[in-house]
Structures are given as structure tokens and as C-alpha cells.
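What follows is one structure encoded as C-alpha cells, with my remarks underneath.
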Amino acid sequence: MTTDSTPRVALVTGATQGLGRALVQGLTQRFTERDTVYLTGRDAGRVAAAAKDLGVSGEVLDVAEPGAARRVAEQIRQRHGGIDIVFNNAVMRTGPADPPAAVIEEYVAVNNLGTTGVLRAFLPLLRDGGRAIVVASTFGSLRYLAPALHDRFDDLADLDEVDTQALRWRDAVRDGTAMAGAWPAFLNIPSKIAQVAAIRTVAAQRRSSDLERGVLLAAVCPGMINTPTSGQWWDVSGAPSPEQAAVALLDLALGPVDPAHYGELVRHGEVLPWK
Numbered sequence: 307m308t309t310d311s312t313p314r315v316a317l318v319t320g321a322t323q324g325l326g327r328a329l330v331q332g333l334t335q336r337f338t339e340r341d342t343v344y345l346t347g348r349d350a351g352r353v354a355a356a357a358k359d360l361g362v363s364g365e366v367l368d369v370a371e372p373g374a375a376r377r378v379a380e381q382i383r384q385r386h387g388g389i390d391i392v393f394n395n396a397v398m399r400t401g402p403a404d405p406p407a408a409v410i411e412e413y414v415a416v417n418n419l420g421t422t423g424v425l426r427a428f429l430p431l432l433r434d435g436g437r438a439i440v441v442a443s444t445f446g447s448l449r450y451l452a453p454a455l456h457d458r459f460d461d462l463a464d465l466d467e468v469d470t471q472a473l474r475w476r477d478a479v480r481d482g483t484a485m486a487g488a489w490p491a492f493l494n495i496p497s498k499i500a501q502v503a504a505i506r507t508v509a510a511q512r513r514s515s516d517l518e519r520g521v522l523l524a525a526v527c528p529g530m531i532n533t534p535t536s537g538q539w540w541d542v543s544g545a546p547s548p549e550q551a552a553v554a555l556l557d558l559a560l561g562p563v564d565p566a567h568y569g570e571l572v573r574h575g576e577v578l579p580w581k
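Each residue of the sequence shown is one higher than the last, beginning at 307 in this note's numbering.
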């Protein structure tokens with residue numbers, strides 16, 4: 307993180323509702339008036355309304371649009387010189403009635419290509435002590451994937467290879483071969499695994515220099531959250547609200563770096579096994 311004399315800058319994607327909005331709200335509560343929080347989303351009207359309501363800066367950012375993350379990152383570089391916290395939270399939500407083949411194109415564009423696009427755009431801007439956190443889930447572990455598919459996402463060379471594997475899976479869902487093979491029917495599983503693979507891949511390249519600079523890269527599982535979307539899949543009546551779920555993520559972003567968390571999937575301060 308920057309020194310006490312330097313204003314901090316944070317950005318949250320997919321922040322007009324749910325967990326993303328709660329993360330923005332939590333950052334404003336923990337930041338000072340000198341700091342800046344960017345609330346982003348793809349709908350200009352909703353971004354403007356949410357930013358005004360929370361008293362933060364709003365930026366339109368559709369992570370599925372090629373070049374959009376780089377455009378916003380360049381604006382932040384020009385305004386602030388760098389960034390301290392990035393929460394990649396944007397997600398395309400689907401319901402049980404959505405045919406996988408009909409939604410997979412946009413699903414991968416937002417959840418997976420969007421994630422790697424945000425990492426490419428904002429990692430070069432991270433200041434000393436910075437945090438780049440990808441919101442994933444418990445499903446982002448290889449233990450939820452058939453062993454025959456593990457090498458698709460393990461020990462990948464770079465983010466281009468992560469994208470290649472995500473697109474191979476997308477194409478298999480689209481043409482129906484995924485259902486005939488070892489891929490799980492629940493789209494969330496391969497998608498979250500690919501998100502965690504993206505963090506693991508860039509972390510393997512940056513670990514030594516990042517830890518020297520106090521930088522943390524991690525994927526995070528917020529746990530079950532009581533939202534209308536989650537309610538389509540599970541009984542979430544007893545689950546935490548987005549504001550409650552955001553606390554552990556904010557603690558991770560604003561607390562001291564635990565080297566054991568670097569490049570891993572973290573839930574409530576504990577590392578979840580990759581495989």
C-alpha cells in the first residue's frame with residue numbers, strides 16, 4: 307500500500323449491486339476523504355446512480371469489451387500514477403433454466419476473459435503494497451474437476467494459455483461435446499477454476515518481486531451470499547448479506563500480507579487446496 311502521505315486508489319468491477327457494491331461501501335468506510343474509490347460496471351445509468359449514492363467515483367467498464375480495462379487503467383494511471391487495490395468482481399449471472407450452450411459465449415467473455423483482461427491492465431499499475439484480488443469461489447479448486455482435465459488449468463505458462471483453455475472449454479459447451487465428456491454440467495466450476503488458474507499463473511511469474519514490494523495477488527471465496535441470484539440455485543435464507551460477506555475480503559485487501567496467501571484461493575483467511 308502507499309505511504310500514509312499518499313492518497314490510496316481502489317477499483318471494484320461489477321460494483322453496481324451485491325458484493326461489488328458492498329466492497330465499494332466497505333472501502334469508503336475504511337478509507338479517508340483523500341482516498342479514491344472507483345465503482346465500475348457496464349451500465350452507465352446504474353454506475354452513475356450507485357456512485358452518487360455511495361459518494362464515490364464511477365467509471366463505465368464492461369470487462370467483456372476488448373480493450374475496456376486497458377482504457378480505464380490508462381485513465382487511472384494519468385490521474386493517479388498507480389493503483390493500490392483492485393477487486394475483480396464482475397460476473398455474468400445465470401439461472402438453472404439457462405441453457406449452457408446459449409449463455410456460454412457471454413459467460414466466458416465476462417467471467418474469464420474479463421478476469422484476465424483486468425489482470426493484464428491493472429497489474430502493471432500496482433503500487434508497492436498493492437492488492438489484486440479476484441473474487442472466485444470454493445468451486446475454483448481442481449478437486450471439483452475430473453482428473454483427466456486437471457492439466458488444462460495446472461501450471462500454465464501465461465495468461466494467454468489460460469484464455470486458450472477457457473475458450474476450448476467454451477467451444478466444447480457450445481458444440482455439445484462437453485456434456486459427452488468429463489466436463490461438469492455446472493458452468494460455475496470450470497469458470498471459477500480458470501479464474502484461480504489466472505491468479506496462480508501470474509503469481510508464479512511475479513512472486514519474488516511482489517513479496518519484496520508487499521504486493522498480494524490472490525483469489526478469494528466469499529462463501530455463500532444471500533442474493534436473489536444465489537437464491538435461484540440454493541437456499542440462502544441463512545447466508546450472510548453482501549455487506550457481511552465483504553468484511554473478510556476487505557480484511558484481506560487492507561491487512562498485512564501473509565505470504566501463504568500469495569497466488570492462492572483464500573476463504574476467511576484460510577488457503578483452500580488447489581488439488
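Cβ coordinates follow ideal geometry from the N, Cα and C atoms, glycine included. Nothing here was measured: the structure is a model prediction, and the numbers come from that model.
Have a look at the options and flag the residue whose alpha-carbon is nearest the alpha-carbon of residue i.
i, options, result
"Ser514", "Gly487, Asn494, Ala566", "Ala566"
"Thr322", "Val397, Ala472, Arg385", "Val397"
"Val479", "Ala491, Thr470, Asp469", "Ala491"
"Arg449", "Pro496, Val424, Arg426", "Pro496"
"Lys581", "Leu451, Gly364, Pro402", "Leu451"
"Leu523", "Gly320, Val416, Thr421", "Thr421"
"Leu345", "Ile505, Leu329, Asp460", "Leu329"
"Asp564", "Leu555, Val526, Ala509, Gly575", "Gly575"
"Leu455", "Ala438, Val392, Trp489", "Trp489"
"Thr535", "Ser547, Ala525, Val526", "Ser547"
"Leu556", "Ser311, Leu317, Pro313, Thr483", "Leu317"
"Val414", "Ser543, Ala510, Asn494, Val572", "Asn494"
"Gln381", "Pro313, Tyr568, Val521, Phe428", "Phe428"
"Gly351", "Val366, Arg340, Thr342", "Val366"
Can you tell me whether residue i is helix, strand or coil according to DSSP?
i, result
"Ser497", "helix"
"Leu462", "coil"
"Leu432", "strand"
"Thr342", "strand"
"Val424", "helix"
"Arg348", "coil"
"Leu578", "strand"
"Val572", "strand"
"Gly446", "coil"
"Asp368", "coil"
Should residue i go down as buried or exposed, given a rule of 16 or more other Cβ atoms within 10 Å for buried?
i, result
"Ser447", "buried"
"Trp540", "exposed"
"Glu518", "exposed"
"Ala486", "exposed"
"Glu412", "exposed"
"Gly373", "exposed"
To which residues does DSSP link residue i through a beta bridge?
i, result
"Ile391", "Ala316, Arg437"
"Val414", "None, per the DSSP bridge assignment."
"Ser363", "Tyr344"
Determine, using beta carbons only, whether residue i comes closer than 8 Å to chain B.
i, result
"Gly544", "Annotation note: the requested chain B is absent from the structure, which comprises a single protein chain."
Complete beta strand (DSSP E) runs within the stretch 481 to 541 (minimum length 3 residues, chain order): Annotation: the stretch 481 to 541 contains the following complete segments of the beta strand (DSSP E) (minimum length 3 residues), in chain order: 522 to 526.
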